[in-house]
Amino acid sequence: MELVQNKPKYIADHIYSADPSAHVFNGKLYIYPSHDIESGVPENDNGDHFNMQDYHVFSMDEIDGEVTDHGCVLKLEDIPWAGRQMWAPDAAEKNGKYYLYFPMKDKNDIFRMGVAISDKPEGPFIPEATPMDGSYSIDPAVLQDNDEDYYMYFGGIWGGQLQRYRDNKAIEVGQEPADHEDALCPKVVKLTADMKGFAEEPKDLVILDENGEPLKAGDHDRRYFEGPWMHKYNGKYYFSYSTGNTHQICYAVGDSPYGPFQYKGVILTPVVGWTTHHSIVEFKDKWYLFYHDSKPSGGKTWLRSVKFIEIDYSSDGTISTIDGQM
Ligand code: FUB
9 MELVQNKPKY IADHIYSADP SAHVFNGKLY IYPSHDIESG VPENDNGDHF NMQDYHVFSM
69 DEIDGEVTDH GCVLKLEDIP WAGRQMWAPD AAEKNGKYYL YFPMKDKNDI FRMGVAISDK
129 PEGPFIPEAT PMDGSYSIDP AVLQDNDEDY YMYFGGIWGG QLQRYRDNKA IEVGQEPADH
189 EDALCPKVVK LTADMKGFAE EPKDLVILDE NGEPLKAGDH DRRYFEGPWM HKYNGKYYFS
249 YSTGNTHQIC YAVGDSPYGP FQYKGVILTP VVGWTTHHSI VEFKDKWYLF YHDSKPSGGK
309 TWLRSVKFIE IDYSSDGTIS TIDGQM
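Per our numbering, the very first residue in the sequence shown carries number 9; after that it's consecutive.
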């Protein structure tokens, strides 16, 4: 695999940050990350150690320029339905309003998606009183497909609770399918015109292998785990995601926001730290991968730092693989 070798750059060292969702609004680059903290909760497979309490927003006028931290833009104690753990957010703009989407556990320890609204991309954001109807699991990522159509991609297994659902309904005993069965799919759902809800039932986003078959649950190097992102390049839809326990960012390409998507390859090899989570954005005619690792904290899984690097597309639309250890 060919590796892009330009150097990654961290965006901040005064706080820990992770799960960056990067967008260009009004000609400026905005980053909506998780805000990692040392909360003292022991590490486990449920992700209890990711015990985040608020969100910050970062912005940059130039990719190599100064990074502004706009401070705390939404906090747990201001959200009426809050339980715990504010995980990976994303943002979208429609008609001059900005919507921050975020997964958080409710008072019953169930992940739901919230939405908070602002007149400015940098917030502060005012949360709706209740979670989005029909929402579950984690890691919302919103694609603006054209002026009217916005789609949310979401879902994460293990601590992200996706294995506890089938056909959008909670099931009695939640577990991953057996290795030979089809993998659990990330979800895609069109948003309502007011951006506050789901306009339809979420659908499975199917990733196909080289034989046109859905990826299997046992295919840990390629199957979806968490951290979805969708971007468009040359009229194609690029769906990228984390493989979780094999720690890669992979991608698949399709012709519609709903898919199906054809598996294409690895964008980012494993980073320092357990989780890997990214976004892809075009800014001033260049394409960038925003991601995180735990190098600055000496490898602490729950204390991550956002960084970015330029990415390369070949003439056939494939993305070169980046070495996550850089
Ligand atoms: O930051 C908490 C969780 O870790 C995110 O929601 C996942 O994508 C993983 O990065």
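Ideal Cβ placement from N, Cα and C applies to all residues, glycine included. Model, not experiment: these values are computed from the prediction.
In its own chain, which residues sit with a C-beta less than 6 angstroms from the C-beta of residue i, not counting the 5 before and 5 after it?
{"i": "tyrosine 246", "result": "His239, Tyr259, Val261"}
{"i": "tryptophan 282", "result": "Thr309"}
{"i": "aspartate 187", "result": "Ala225, Gly226"}
{"i": "methionine 203", "result": "Lys102, Tyr107"}
{"i": "threonine 284", "result": "Ser250, His255, Ile257"}
{"i": "aspartate 190", "result": "Pro222"}
How would you call residue i, buried or exposed, if buried means at least 16 neighbouring beta carbons within 10 angstroms?
{"i": "histidine 57", "result": "buried"}
{"i": "histidine 300", "result": "buried"}
{"i": "leucine 151", "result": "buried"}
{"i": "isoleucine 288", "result": "buried"}
{"i": "aspartate 293", "result": "exposed"}
{"i": "histidine 286", "result": "buried"}
{"i": "glycine 35", "result": "exposed"}
{"i": "histidine 31", "result": "buried"}
{"i": "serine 264", "result": "exposed"}
{"i": "aspartate 324", "result": "exposed"}
{"i": "histidine 22", "result": "exposed"}
{"i": "glycine 243", "result": "exposed"}
{"i": "glutamine 333", "result": "exposed"}
{"i": "isoleucine 257", "result": "buried"}
{"i": "isoleucine 275", "result": "buried"}
{"i": "isoleucine 134", "result": "exposed"}
{"i": "glycine 220", "result": "exposed"}
{"i": "aspartate 155", "result": "exposed"}
{"i": "glycine 306", "result": "exposed"}
So, for residue i: in the same chain, excluding its five sequence neighbours on each side, which residues have a beta-carbon less than 8 angstroms away from its beta-carbon?
{"i": "proline 351", "result": "With the chain covering only 9 through 334, there is no way to say anything about residue 351."}
{"i": "histidine 53", "result": "A small fix is needed here, since residue 53 is aspartate in this sequence, not histidine. So the list reads Trp166, Gly167, once near-sequence residues are dropped."}
{"i": "lysine 315", "result": "Pro16, Lys17, Tyr18, Ile19, Phe298, Tyr299, His300, Asp301"}
{"i": "lysine 211", "result": "Lys195, Val196, Val197, Tyr266"}
{"i": "glycine 104", "result": "Asp127"}
{"i": "tyrosine 173", "result": "Tyr144, Ser145, Ile179, Gly182"}
{"i": "phenylalanine 269", "result": "Leu213, Val214, Ile215, Leu216, Tyr245, Phe247, Ala260, Val261, Gly262"}
Would you kindly check if the distance between the Cβ of residue j and the Cβ of residue i is under 7 angstroms?
{"i": "arginine 312", "j": "tyrosine 38", "result": "no"}
{"i": "valine 214", "j": "glycine 273", "result": "no"}
{"i": "phenylalanine 5", "j": "lysine 195", "result": "Because the chain is modelled from 9 through 334, residue 5 falls outside the range shown and cannot be assessed."}
{"i": "glycine 122", "j": "valine 81", "result": "no"}
{"i": "glycine 226", "j": "tyrosine 249", "result": "no"}
{"i": "valine 12", "j": "serine 328", "result": "yes"}
{"i": "alanine 100", "j": "tyrosine 159", "result": "no"}
{"i": "tyrosine 144", "j": "proline 129", "result": "no"}
{"i": "aspartate 217", "j": "threonine 277", "result": "no"}
{"i": "asparagine 176", "j": "glutamate 209", "result": "yes"}
{"i": "histidine 228", "j": "threonine 254", "result": "yes"}
{"i": "glutamate 318", "j": "asparagine 14", "result": "yes"}
{"i": "arginine 230", "j": "tyrosine 271", "result": "yes"}
Say yes only if the C-beta of residue i is nearer than 6 angstroms to one or more non-hydrogen atoms of the ligand FUB, and no if none qualify.
{"i": "histidine 255", "result": "no"}
{"i": "glutamate 46", "result": "no"}
{"i": "threonine 309", "result": "no"}
{"i": "isoleucine 215", "result": "no"}
{"i": "alanine 26", "result": "yes"}
{"i": "phenylalanine 58", "result": "yes"}
{"i": "threonine 76", "result": "no"}
{"i": "alanine 191", "result": "no"}
{"i": "alanine 30", "result": "no"}
{"i": "glutamate 180", "result": "no"}
{"i": "glutamate 51", "result": "no"}
{"i": "aspartate 98", "result": "no"}
{"i": "histidine 43", "result": "no"}
{"i": "threonine 283", "result": "yes"}
{"i": "glycine 235", "result": "yes"}
{"i": "tryptophan 89", "result": "no"}
{"i": "tryptophan 166", "result": "no"}
{"i": "aspartate 147", "result": "yes"}
{"i": "tryptophan 295", "result": "no"}
Enumerate in chain order the residues of its own chain whose CB-to-CB distance from residue i is below 7 angstroms, with the five nearest sequence positions on each side excluded.
{"i": "glutamine 171", "result": "Ile165, Gly182, Gln183, Glu184, Leu192"}
{"i": "methionine 308", "result": "Checking the sequence, you will find lysine at residue 308 rather than methionine. Excluding positions up to five away in sequence, the list reads Ser302."}
{"i": "glycine 79", "result": "His64"}
{"i": "alanine 90", "result": "Leu84, Met112"}
{"i": "phenylalanine 33", "result": "Glu101, Pro129"}
| query | Three or more C-beta pairs closer than 8 angstroms, one from the stretch 62 to 71 and one from the stretch 166 to 176: is that the case here? | reply | These segments do not touch.
| Is it a yes or a no for the stretch 114 to 128 touching the stretch 41 to 49, going by three-plus beta-carbon pairs under 8 angstroms? | Contact between the stretch 114 to 128 and the stretch 41 to 49 is absent: fewer than 3 CB-CB pairs across the two stretches fall below 8 angstroms.
| Cβ contact check for the stretch 80 to 88 and the stretch 140 to 147: 3 or more pairs under 8 angstroms | no
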